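Everything in the sequence shown is counted per my numbering, starting at 898 for the first residue and increasing by one.
Ideal Cβ positions, reconstructed from N, Cα and C, are used throughout, including at glycine.
All of these numbers come straight from a predicted model, not from anything done at the bench.
Okay, structure first, notes after.
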Amino acid sequence: MTAFVAVWDHQDCVTLVTVEPRHSAATLAQHPGTRHPVNTGAPGIAIQSTMSEEEWAARAPGLPYRPEAAEARRLGYAASHDEVIAGLSSLAAPIRVPGGRPAAIAVVYIRREQDQAAVGEALAASASRIESQLA
């Protein structure tokens, strides 16, 4: 699993920083600067989950609001499979940035057998710690 922070930049999610596992035979690379549409993948869903559909429409006109954002708001994290890159899954939790656009802390991985709830809850806890440092 590779962890990363994605920020919202206009119509994209942009990877800001990544951390790859140190003790693994193989890893996925998610390079800083990588972009994908903000309305695809777990990071985008997590970012959308910080807003209502009406708020999203006002801040991102023309970009569809994902129905999964409501579930992500309830759980504290979002999940996606085969959206940004075929065969890959992602989990992400929103990071609320005071005075700025929301971001997300996420992981990307190949296998779907991960304990999604455990990883998602850990991401949500990490996002909460980051938010407390930004306040």
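Bridge partners for residue i per DSSP, in chain order?
i	result
P991	A1001
H920	Bridge partners of H920: none, in fact.
Below 8 Å on the Cβ atoms is my contact criterion, and I expect residue i with residue j to pass it. Report the Cβ-Cβ distance as a whole number of Å.
i	j	result
S987	G930	That pair is no contact at about 17 Å.
So, helix, strand or coil for residue i, using DSSP?
i	result
R932	strand
L1031	helix
L985	coil
A903	strand
Cα separation between residue i and residue j?
i	j	result
M898	S1029	25 Å
S921	E951	43 Å
D979	V1005	11 Å
Y962	A1024	22 Å
A943	L1020	11 Å
Taking all protein chains shown into account, decide if residue i is buried (16 or more other Cβ within 10 angstroms of its Cβ) or exposed.
i	result
A983	exposed
Q908	exposed
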